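**Student:** Got a structure for you, questions after.
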Amino acid sequence: ILDGFEPAAVREFIQRRGKSKRDLQLFNAIIQNPGAPPNELIMLLYGKPNRGAYKATQARLTEKLRDYLVHLGGGALGYGELYLDLAAAEQLIKRRAWTCAIHFLNRAEEQAIHYRHYNLLEMIYSTELREVTNLGLDLTALEAKWKANRSRLDSIIRLNAVAARVRLRHEEARAHGKVLDSNAMLKELLAEVRPDLSEADDPMYNERMVSLIRDLATSTKEYPGFERVVSGCYHRLKKRNAFQAGDADLEHSFLYMLGHAQYRNARFDEAMTTIGEARALRERMTVVPKQVTRKFAAMEAAILYLTGKVHEAIPLLEKCLNQGSAHEQDKELLNMQLNLAACLYSAREYKRAVKVLVTLPYDKATLTKWMGVEWRFKLDMFELISYYDRNLMDEAETQLQRMLTYYKEFFRAENYARVEVYLGFI
Numbered sequence: 001i002l003d004g005f006e007p008a009a010v011r012e013f014i015q016r017r018g019k020s021k022r023d024l025q026l027f028n029a030i031i032q033n034p035g036a037p038p039n040e041l042i043m044l045l046y047g048k049p050n051r052g053a054y055k056a057t058q059a060r061l062t063e064k065l066r067d068y069l070v071h072l073g074g075g076a077l078g079y080g081e082l083y084l085d086l087a088a089a090e091q092l093i094k095r096r097a098w099t100c101a102i103h104f105l106n107r108a109e110e111q112a113i114h115y116r117h118y119n120l121l122e123m124i125y126s127t128e129l130r131e132v133t134n135l136g137l138d139l140t141a142l143e144a145k146w147k148a149n150r151s152r153l154d155s156i157i158r159l160n161a162v163a164a165r166v167r168l169r170h171e172e173a174r175a176h177g178k179v180l181d182s183n184a185m186l187k188e189l190l191a192e193v194r195p196d197l198s199e200a201d202d203p204m205y206n207e208r209m210v211s212l213i214r215d216l217a218t219s220t221k222e223y224p225g226f227e228r229v230v231s232g233c234y235h236r237l238k239k240r241n242a243f244q245a246g247d248a249d250l251e252h253s254f255l256y257m258l259g260h261a262q263y264r265n266a267r268f269d270e271a272m273t274t275i276g277e278a279r280a281l282r283e284r285m286t287v288v289p290k291q292v293t294r295k296f297a298a299m300e301a302a303i304l305y306l307t308g309k310v311h312e313a314i315p316l317l318e319k320c321l322n323q324g325s326a327h328e329q330d331k332e333l334l335n336m337q338l339n340l341a342a343c344l345y346s347a348r349e350y351k352r353a354v355k356v357l358v359t360l361p362y363d364k365a366t367l368t369k370w371m372g373v374e375w376r377f378k379l380d381m382f383e384l385i386s387y388y389d390r391n392l393m394d395e396a397e398t399q400l401q402r403m404l405t406y407y408k409e410f411f412r413a414e415n416y417a418r419v420e421v422y423l424g425f426i
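When you line the sequence shown up against our numbering, it's residues 1 to 426, in that order.
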């Protein structure tokens, strides 16, 4: 999963940690021989079977990689340093160095508030309540802060649990080609979540609530209604200056949901404007996961394709796919591969389009389980068209009959009933 410059950065990090010779050798062996089994790595390191020494080296390297990720997170989001500040405060409390402990606790609290890290605030306030007299804190003020944060943390946890349930039902429905009853489900879930005015200006709470609603909208294809929801929520938060410096990732998520809804509603100019706003925001973000930029690239490529700019869409998709790793399990990569085939086909590059299709990883059963029935239908539809256009009529006829049988239950859903009629025309 290491990207670009990162292997070199990790090598330097390992060397700074001392006792690095074997650890560095193992790291280089893994980088140079991706997917190599342990026995092969052992022979590369020691020239003979020595599993005990290998396990010890592996354990040290794992800890150093963990520390690298923690410090990377600290540089990007403040999380790593926050935990270190709290850990330092705990050690200082054990040594009864109260003034120094307060310094680190205050620093951790300030940054935790900045990044809306409510679970870390719970840990900080719990530590302060335990040592309130020694630290010389105002108990009344501390209790008020703790209760307010605990209420917010409970709301976030409750919302996360409900959102997880919605996502699970959405994935199950998609896997079987079903459609959720979004109105009934939303009514049920809102009653359980019980949002109130205290969360009105919290970008984290609002982002997760809108994401939950988006899962329902994606299942039912109710994008016009969802665009009103996400647009209203995002612009209300912007108007009230709710987004702080530490909320860039939350604002970026809102922009993706808004842009995607605009794209699905065929409001392409508005969607491209939103994509541009997200690109400008990313320039101010310290670290942006490639999975995030990949989603925007896929959306931009789809808009280019639908607006007749297929020759601009192809290199954009190819660039993202070339940056993918063999170790990744990202659904967006599979979507991109299918979309690239469609773009190549539209550009009349038929052989390249078929080559992209036949290099899809996994068999169809696995793809269906992972991506859902609708995605597999798109793949099968594409294969049917490719058979016809290559004048392979027997294969096309067989594929069509296979689809009419396999998707019989799928066509019974109201959203997909017209698909069967379309296959009849074919």
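We put the beta carbon where it would ideally sit given N, CA and C, even for glycine. The structure displayed is predicted, hence computed values, not measured ones.
Give the straight-line distance between the Cα atoms of residue 96 and residue 128, rounded to the nearest whole angstrom.
**Tutor:** For this step, residue 96 is matched to residue 96 along the sequence shown. For this step, residue 128 is matched to residue 128 along the sequence shown. Roughly 13 Å between the two C-alpha positions.
**Student:** Any contact of the segment 147-164 with the segment 182-195, i.e. 3+ C-beta pairs under 8 Å?
**Tutor:** Yes, the segment 147-164 is in contact with the segment 182-195.
**Student:** Measure the C-alpha to C-alpha separation of residue 140 and residue 90 and round it to an integer number of angstroms.
**Tutor:** Position 140 of the sequence shown, counted from the start, is the residue given in the question as residue 140. Position 90 of the sequence shown, counted from the start, is the residue given in the question as residue 90. Taking the straight line from one Cα to the other gives about 22 Å.
**Student:** Using 8 Å for Cβ pairs, my map puts residue 17 next to residue 64. What's the rounded Cβ distance?
**Tutor:** Here the question's residue 17 lines up with position 17 in the sequence shown. Here the question's residue 64 lines up with position 64 in the sequence shown. Correct: roughly 5 Å between the Cβ atoms.
**Student:** In three-state terms, what does DSSP make of residue 429?
**Tutor:** No statement about residue 429 is possible, as the shown extent of the chain runs from 1 to 426 and does not include it.
**Student:** Quick one, are the C-beta atoms of residue 277 and residue 255 less than 8 Å apart?
**Tutor:** To locate residue 277, count along the sequence shown from 1; it is residue 277. To locate residue 255, count along the sequence shown from 1; it is residue 255. Going by C-beta atoms, residue 277 is nearer than 8 Å to residue 255.
**Student:** On the criterion of 16 or more Cβ atoms from any shown chain inside 10 Å, does residue 202 qualify as buried, or is it exposed?
**Tutor:** Position 202 of the sequence shown, counted from the first residue, corresponds to residue 202. Label assigned to residue 202: buried.
**Student:** Hey, out of 376, 200, 88 and 114, whose CA is closest to residue 103's CA?
**Tutor:** Within the sequence shown, numbered from 1, the residue matching residue 103 stands at position 103. Checking every option, the nearest Cα to that of residue 103 belongs to 88.
**Student:** I'd like the ranges of any alpha helix (DSSP H) spanning at least 4 consecutive residues and lying wholly in the segment 7-72.
**Tutor:** DSSP runs (the alpha helix (DSSP H)) wholly in the segment 7-72: 21-32 and 38-46.
**Student:** Could you give the first and the last residue of the continuous alpha helix (DSSP H) run that contains residue 277?
**Tutor:** Position 277 of the sequence shown, counting from 1, holds the residue named residue 277. Segment 268-282, the alpha helix (DSSP H) holding residue 277.
**Student:** Is it buried or exposed, residue 368, if we count other Cβ atoms within 10 angstroms and call 16 or more buried?
**Tutor:** Counted from its first residue, the sequence shown places residue 368 at position 368. The residue in question, residue 368, is buried, as its Cβ has 16 or more Cβ neighbours within 10 Å.
**Student:** For residue 248 and residue 284, which I take to be in contact (beta-carbon distance under 8 Å), what is that distance rounded to the nearest angstrom?
**Tutor:** As a working mapping, residue 248 is identified with position 248 in the sequence shown. As a working mapping, residue 284 is identified with position 284 in the sequence shown. Contact flag correct, Cβ pair sits at about 6 Å.
**Student:** Considering only their Cβ atoms, is the gap separating residue 224 from residue 265 smaller than 8 Å?
**Tutor:** Here residue 265 refers to the residue found at position 265 of the sequence shown. Here residue 224 refers to the residue found at position 224 of the sequence shown. Yes, the Cβ-Cβ distance between residue 265 and residue 224 is below 8 Å.
**Student:** At what residues does the alpha helix (DSSP H) containing residue 305 begin and finish?
**Tutor:** Residue numbering aside, residue 305 sits at position 305 when the sequence shown is read from its first letter. Counting along the chain, the alpha helix (DSSP H) containing residue 305 begins and ends at 290-306.
**Student:** Determine the contact status of residue 425 and residue 417, defining contact as a CB-CB distance below 8 Å.
**Tutor:** By 1-based counting over the sequence shown, the position of residue 425 is 425. By 1-based counting over the sequence shown, the position of residue 417 is 417. Against a cut-off of 8 Å, the Cβ pair of residue 417 and residue 425 comes out as no contact.
**Student:** Is the beta carbon of residue 262 sitting closer than 8 Å to the one on residue 251?
**Tutor:** Start at 1 with the first residue of the sequence shown, and residue 262 comes out as number 262. Start at 1 with the first residue of the sequence shown, and residue 251 comes out as number 251. It is not a contact, given that the beta carbons lie outside the stated cut-off.
**Student:** I think residue 438 touches residue 395, with their Cβ atoms under 8 Å apart; what is that distance to the nearest whole Å?
**Tutor:** As shown, the chain starts at 1 and ends at 426. That puts residue 438 outside it, with no answer to give.
**Student:** Should residue 322 go down as buried or exposed, given a rule of 16 or more other Cβ atoms within 10 Å for buried?
**Tutor:** On the sequence shown, residue 322 is found 322 positions in, with the first residue counted as 1. Its Cβ having fewer than 16 others within 10 Å, residue 322 is exposed.
**Student:** Can you look up residue 357 in the DSSP assignment and give me helix, strand or coil?
**Tutor:** Here residue 357 refers to the residue found at position 357 when the sequence shown is read from its first residue. It is helical.
**Student:** Between residue 399 and the rest of its own chain, which residues show a CB-CB distance below 8 Å, the 5 nearest in sequence each way excluded?
**Tutor:** In the sequence shown, the residue the question calls residue 399 occupies position 399. Result list for residue 399: 380, 383, 384 and 387, in chain order.
**Student:** For residue 413 and residue 153, I'd like the C-alpha separation in whole angstroms.
**Tutor:** Locating residue 413 in the sequence shown gives position 413, where the first residue counts as 1. Locating residue 153 in the sequence shown gives position 153, where the first residue counts as 1. Each residue's alpha carbon lies about 39 Å from the other.
**Student:** On the criterion of 16 or more Cβ atoms from any shown chain inside 10 Å, does residue 39 qualify as buried, or is it exposed?
**Tutor:** Position 39 of the sequence shown, counted from the start, is the residue given in the question as residue 39. Exposed is the call here.
**Student:** Per DSSP, what kind of secondary structure is residue 78 in: helix, strand or coil?
**Tutor:** The count along the sequence shown starts at 1 and reaches residue 78 at position 78. Note that residue 78 scores 45 on pLDDT, short of 50, meaning its location in the model is unreliable; the coordinates nonetheless yield the value given after this. Here residue 78 sits in coil by DSSP.
**Student:** Should residue 391 go down as buried or exposed, given a rule of 16 or more other Cβ atoms within 10 Å for buried?
**Tutor:** The sequence position of residue 391 within the sequence shown is 391, counting from 1. Exposed, by the Cβ-count rule.
**Student:** Please return the same chain residues whose Cβ sits closer than 7 Å to the Cβ of residue 124, not counting the five positions on each side in sequence.
**Tutor:** Position 124 of the sequence shown, counted from the start, is the residue given in the question as residue 124. These residues qualify, in order along the chain: 86, 105, 108, 109 and 112.
**Student:** Assuming residue 25 and residue 45 form a contact by the criterion Cβ under 8 Å, report the distance between their Cβ atoms to the nearest whole angstrom.
**Tutor:** As a first step, residue 25 must be located in the sequence shown, where it is residue number 25. As a first step, residue 45 must be located in the sequence shown, where it is residue number 45. Their Cβ separation, rounded to whole angstroms, is 6 Å, which keeps residue 25 and residue 45 in contact under 8 Å.
**Student:** By Cβ distance, which residues of its chain are closer than 8 Å to residue 318, with the 5 residues on each side in sequence left out?
**Tutor:** For the purposes of this step, residue 318 is identified with residue 318 of the sequence shown, where counting begins at 1. So the qualifying residues of the chain are 340.
**Student:** Between the C-alpha atoms of residue 312 and residue 332, what's the straight-line distance to the nearest angstrom?
**Tutor:** Here the question's residue 312 lines up with position 312 in the sequence shown. Here the question's residue 332 lines up with position 332 in the sequence shown. Answer to the nearest angstrom: the Cα atoms are 19 Å apart.
**Student:** DSSP three-state call for residue 232: helix, strand or coil?
**Tutor:** Along the sequence shown, one-based indexing puts residue 232 at 232. Residue 232 falls in the helix class under three-state DSSP.
**Student:** If you run the structure through DSSP and keep just helix, strand and coil, what is residue 409?
**Tutor:** Numbered from its first residue, the sequence shown carries residue 409 at position 409. In this structure, residue 409 counts as coil in the three-state DSSP scheme.
**Student:** Put residue 314 into one of helix, strand or coil per three-state DSSP.
**Tutor:** Your numbering for residue 314 matches position 314 in the sequence shown. Helix at residue 314.
**Student:** Indicate, with yes or no, if the ligand NAD has a heavy atom lying under 7 Å from the CB of residue 154.
**Tutor:** In the structure shown, the ligand NAD is absent, as is every other ligand, since no ligand is present at all.
**Student:** By DSSP, does residue 369 sit in helix, in strand, or in coil?
**Tutor:** By 1-based counting over the sequence shown, the position of residue 369 is 369. In this structure, residue 369 counts as helix in the three-state DSSP scheme.
**Student:** Excluding the 5 residues flanking residue 346 on each side, which residues of the same chain have their C-beta closer than 6 Å to its C-beta?
**Tutor:** Numbered from 1 along the sequence shown, position 346 holds the residue referred to as residue 346. Cβ within range, chain order: 310.
**Student:** Distance, Cα to Cα, residue 397 vs residue 377?
**Tutor:** Walking along the sequence shown from the start, residue 397 turns up at place 397. Walking along the sequence shown from the start, residue 377 turns up at place 377. So the two alpha carbons sit approximately 16 Å from each other.
**Student:** How about residue 3 and residue 290: do their beta carbons lie closer than 8 Å?
**Tutor:** One-based indexing of the sequence shown puts residue 3 at position 3. One-based indexing of the sequence shown puts residue 290 at position 290. Yes, they are a contact pair.
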